[in-house]
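A.B. asks: Count along the sequence shown from 1, then add 3; that gives the number in the numbering used here.
Here a beta-carbon is modelled for each residue, glycine too, at the ideal position from N, C-alpha and C.
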Amino acid sequence: MPLEIGKLACLRTLEFFNVGHENGRRIEELGYLKNLKGEVAICKLEHVNGKEEAARACLTEKPNIHKLKLEWSSSRKGYNFNDEQVLEGLEPHPNIKSLKIQRFCGDNLPSWIMNRSISEVIRLDKLIELQLIDCARCLEIPTLGHLPLLKFLELSGLRNVKSIGPWFYYPHNYGVNDQSRRRTNNQLAFPTLERFTLDFMTNLEEWIEMSTNDSNQVVNAFPRLEYLRIYYCSNISRFPSHGFPCLKTLEINNVDRGGVLLDRISNNNSSSLTSLRLENVSDVTCLPKRLLYDNQRIRSMSIWDCPNLTHIELSAHNLKSLEAIYIYYCKKLKSIRYLIQGEEESGSFNSLQTLTVVNCNEVSDILSPMVLEPCTSLRTLQLGDCHNLVSFPVDFRSLPSGLRSLGISECPKLRSLPKGSISCLSSLTELCIGPFSEEVGLASFNEILQGIQQLHSLVNLELYGRSLSLYQITFSILLLSNILKYPILGWKLCLSGLGTWHLWTI
4 MPLEIGKLAC LRTLEFFNVG HENGRRIEEL GYLKNLKGEV AICKLEHVNG KEEAARACLT
64 EKPNIHKLKL EWSSSRKGYN FNDEQVLEGL EPHPNIKSLK IQRFCGDNLP SWIMNRSISE
124 VIRLDKLIEL QLIDCARCLE IPTLGHLPLL KFLELSGLRN VKSIGPWFYY PHNYGVNDQS
184 RRRTNNQLAF PTLERFTLDF MTNLEEWIEM STNDSNQVVN AFPRLEYLRI YYCSNISRFP
244 SHGFPCLKTL EINNVDRGGV LLDRISNNNS SSLTSLRLEN VSDVTCLPKR LLYDNQRIRS
304 MSIWDCPNLT HIELSAHNLK SLEAIYIYYC KKLKSIRYLI QGEEESGSFN SLQTLTVVNC
364 NEVSDILSPM VLEPCTSLRT LQLGDCHNLV SFPVDFRSLP SGLRSLGISE CPKLRSLPKG
424 SISCLSSLTE LCIGPFSEEV GLASFNEILQ GIQQLHSLVN LELYGRSLSL YQITFSILLL
484 SNILKYPILG WKLCLSGLGT WHLWTI
């Protein structure tokens with residue numbers, strides 16, 4: 004950053020400004036740049052001494068700055084900071100559209116962003132995006148529901164906030180004298196918000212819906228919200244009772260009572276949901292039936308490390324758009340049940356492209372021919388580390404010919420492999436098989452490999468066995484010049500012209 008940049012009085016573009024202690028690098032240099040426009044990031048704000056000095060940046064006089072980032076350094080030490088006074092003096096022009104505040108270490112945000120009184124609601128009314136990141140000492144979040152253009156809201160690392168209350172939606176008594184609002188008996192909060200993220204708010208205990216003193220008044224909130232993410236808010240146990248009528252993507256990660264939110268959304272019209280991701284949500288034992296039975300738009304389900312999930316029921320008739328199922332590390336999951344209703348109502352998972360079940364030790368019931376045969380779109384089937392799986396109840400002929408990736412691995416109790424020749428899977432590019440129980444012998448491996456020479460698309464082949472002799476396995480696979488990767492059984496064995504084989508157990 005050059006010294007005395009403020010002398011460039013006609014400067015219009017300045018993507019970032021690092022505040023310094025010495026003359027020529029202080030924040031007052033920005034005050035001379037009246038024509039700045041577009042995006043500006045002001046960093047190292049710990050070098051500003053207070054509100055008066057911060058105000059010398061004259062941000063309120065810069066109507067053409069539309070995106071503003073205010074950032075303190077991560078390397079600061081100590082506890083006595085003047086961040087509240089500094090941020091009070093950095094009020095932007097009302098034309099601001101995007102605002103990011105990062106590593107602010109005050110207890111209270113400034114009045115120009117809190118919007119707690121009626122006189123302040125005109126501020127930031129052009130704001131489209133707001134990010135409050137790692138403001139670890141903040142005790143309360145601003146009032147934002149009245150902002151008419153706000154589309155993107157991210158609250159992350161506000162570790163001292165315990166409650167998101169009614170003030171989050173509207174300032175106190177906002178709209179009491181608004182005749183149009185009284186005539187319609189309707190209050191609308193966050194009218195344009197599309198994405199809302201709550202991350203790493205470790206002390207957050209509740210998110211309360213908007214309230215009203217008028218029993219005849221209807222409260223509507225988040226009518227356009229499409230994306231909701233709540234990550235690492237482990238203590239939150241109370242959620243709003245209202246629904247999110249346009250919600251498409253829901254992600255809940257490390258929220259102990261996240262199942263409560265999932266139930267609320269399921270009971271308040273979840274038919275718009277297209278993507279669901281749950282990770283480490285301990286109170287979920289099964290997925291809400293209304294979520295899975297009343298939703299024909301859901302396309303992707305991803306469930307990770309839900310320790311008390313015991314079973315999943317999927318209705319083919321109601322999940323016609325389902326394309327991908329990912330289930331990982333659900334230690335108590337015992338079964339995935341597929342409900343097929345009728346033979347003539349397109350009651351099949353014919354949109355399903357990916358089915359992955361990995362590290363679910365208790366699962367014993369995953370597939371049936373009735374489910375897989377109509378899955379003409381299936382491209383990836385992966386079953387791994389399912390230690391209680393004893394059988395694979397379908398043969399290769401039941402799998403769709405368009406399957407590209409097949410993995411059945413680390414299932415130590417599996418007693419039998421799919422029957423039939425693998426040659427019917429002509430589109431296969433990846434194949435991973437084994438190891439299984441000792442009851443699965445060489446004959447089963449050889450049966451799988453019959454016709455493998457016809458798999459001209461195969462480029463990745465992995466075979467794992469227990470106490471099996473490599474030389475008893477058919478060597479028809481050696482004739483496949485298109486295979487690029489040959490991990491087989493456990494040790495390294497170099498064969499002329501074939502590169503390196505990885506052989507794990509002989």
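Out of Ser78, Ser76, His320, state which residue places its alpha-carbon closest to the alpha-carbon of Asn298.
C.D. replies: His320
A.B. asks: Would you kindly report the start and end of the unbroken alpha helix (DSSP H) that includes Leu231?
C.D. replies: Per DSSP, Leu231 belongs to no alpha helix (DSSP H); it is in the beta strand (DSSP E), 230-234.
A.B. asks: By the three-class DSSP mapping on this structure, what secondary structure does Gln457 have?
C.D. replies: helix
A.B. asks: In angstroms, rounded to a whole number, what distance separates the CA positions of Thr63 and Ile211?
C.D. replies: 34 Å
A.B. asks: According to DSSP, is Gln356 part of a helix, a strand, or is it coil?
C.D. replies: coil
A.B. asks: Hey, out of Ser305, Ala224, Ile131, Asp86, whose CA is closest to Ser101's CA?
C.D. replies: Ile131
A.B. asks: With DSSP as the reference, label Trp307 as helix, strand or coil.
C.D. replies: strand
A.B. asks: Using the Cα positions of Leu135 and Gln105, report the straight-line distance between them to the nearest angstrom.
C.D. replies: 6 Å
A.B. asks: Indicate whether Phe203 and Leu156 have their beta-carbon atoms separated by less than 8 Å.
C.D. replies: no
A.B. asks: Measure the Cβ-Cβ separation of Thr313 and Thr277 and say whether it is below 8 Å.
C.D. replies: no
A.B. asks: Going by alpha carbons, who is nearest to Thr146 out of Asp137, Ala192, Ala139, Ser159?
C.D. replies: Ala192
A.B. asks: Answer with buried or exposed for Asp86, where buried requires no fewer than 16 other C-beta atoms within 10 angstroms of its C-beta.
C.D. replies: buried
A.B. asks: Restricting to Cα atoms, I'd like to know which of Leu196, Val263, Pro194, Ala224 is closest to Glu209.
C.D. replies: Val263
A.B. asks: For Leu250, tell me which candidate among Cys141, Tyr172, Lys335, Leu196 has the shortest Cα-Cα distance.
C.D. replies: Leu196
A.B. asks: Keeping to the same chain, check which residues put their C-beta closer than 6 Å to that of Arg302; ignore five residues upstream and five downstream.
C.D. replies: Thr277, Ser324, Glu326
A.B. asks: Compute the beta-carbon to beta-carbon distance between Gly437 and Phe399, rounded to the nearest angstrom, for a pair I have assumed lies under 8 Å.
C.D. replies: Actually they are not in contact, since the Cβ atoms of Gly437 and Phe399 sit about 16 Å apart, beyond 8 Å.
A.B. asks: Need the endpoints of the alpha helix (DSSP H) that Asn270 sits in, please.
C.D. replies: Annotation for Asn270: the continuous alpha helix (DSSP H) segment containing it runs 261-270.
A.B. asks: Comparing C-alpha positions only, which one of Leu36, Leu17, Asn52, Glu42 sits nearest to Glu25?
C.D. replies: Asn52
A.B. asks: With burial defined as no fewer than 16 other Cβ atoms inside 10 Å of the residue's Cβ, what is the status of Ala12: buried or exposed?
C.D. replies: In the assembly as shown, Ala12 is an exposed residue. Its beta-carbon has fewer than 16 other beta-carbons within 10 Å.
A.B. asks: Taking Cβ positions, are Asn510 and Arg140 nearer each other than 8 Å?
C.D. replies: Any answer about residue 510 is impossible in this case: the structure gives the chain only from 4 up to 509.
A.B. asks: Rounded to the nearest angstrom, what separates Gln457 and Leu466 at their Cα positions?
C.D. replies: 18 Å
A.B. asks: Flag this pair as touching only if the region 239-259 and the region 278-285 have three or more C-beta atom pairs under 8 Å; answer yes or no.
C.D. replies: yes
A.B. asks: Does DSSP put Val22 in a helix, a strand or coil?
C.D. replies: coil
A.B. asks: Going by DSSP, which residues form a beta bridge with Lys72?
C.D. replies: Under DSSP, Lys72 takes part in a beta bridge, and its partners are Ala44, Lys103.
A.B. asks: Looking only at its own chain, which residues have a Cβ that is under 6 Å from the Cβ of Thr205, when we skip the five neighbours before and after it?
C.D. replies: Close CB contacts of Thr205 within its chain, under the 6 Å cut and outside five residues either way in sequence, are with Arg162 (chain order).
A.B. asks: Evaluate Lys65 with the Cβ neighbour count: other Cβ atoms within 10 Å of its Cβ, from every protein chain shown; 16 or more gives buried, anything less gives exposed.
C.D. replies: buried
A.B. asks: Using a Cβ-Cβ cutoff of less than 7 Å, which residues in the same chain neighbour Lys54 once the five nearest sequence positions on both sides are dropped?
C.D. replies: Gln88, Val89, Glu91, Gly92, listed in sequence order.
A.B. asks: Please identify the residue among Ser429, Phe171, Cys108, Arg260 whose C-alpha is closest to the C-alpha of Gln453.
C.D. replies: Ser429
A.B. asks: May I ask which residues mark the beginning and end of the beta strand (DSSP E) holding Leu402?
C.D. replies: Counting along the chain, Leu402 falls outside any beta strand (DSSP E), and DSSP gives it neither H nor E.
A.B. asks: Please report the distance separating the alpha-carbon of Glu49 from that of Pro243.
C.D. replies: 37 Å
A.B. asks: Could you work out which residue in Cys138, Pro151, Gly109, Leu142 is closest to Arg126 when comparing CA atoms only?
C.D. replies: Pro151
A.B. asks: Bridge partners for Trp115 per DSSP, in chain order?
C.D. replies: The partner list for Trp115 (beta bridge, DSSP) is empty, contrary to what the question assumes.
A.B. asks: With distances taken between CB atoms, is the gap from Pro97 to Asp128 smaller than 8 Å?
C.D. replies: In this structure, Asp128 lies closer than 8 Å to Pro97 by Cβ.
A.B. asks: If you compare alpha carbons, which of Leu322, Ser269, Thr359 is closest to Ile306?
C.D. replies: Nearest option by C-alpha distance: Thr359.
A.B. asks: Which two residues bound the contiguous beta strand (DSSP E) that contains Tyr331?
C.D. replies: 327-331
A.B. asks: Could you give the distance in angstroms between the alpha-carbon of Gly350 and the alpha-carbon of Leu294?
C.D. replies: Caution is warranted here: a pLDDT of 49 is assigned to Gly350, below 50, making its placement in the model unreliable, and the coordinate value is therefore given only provisionally. Those two C-alpha atoms are separated by around 17 Å.
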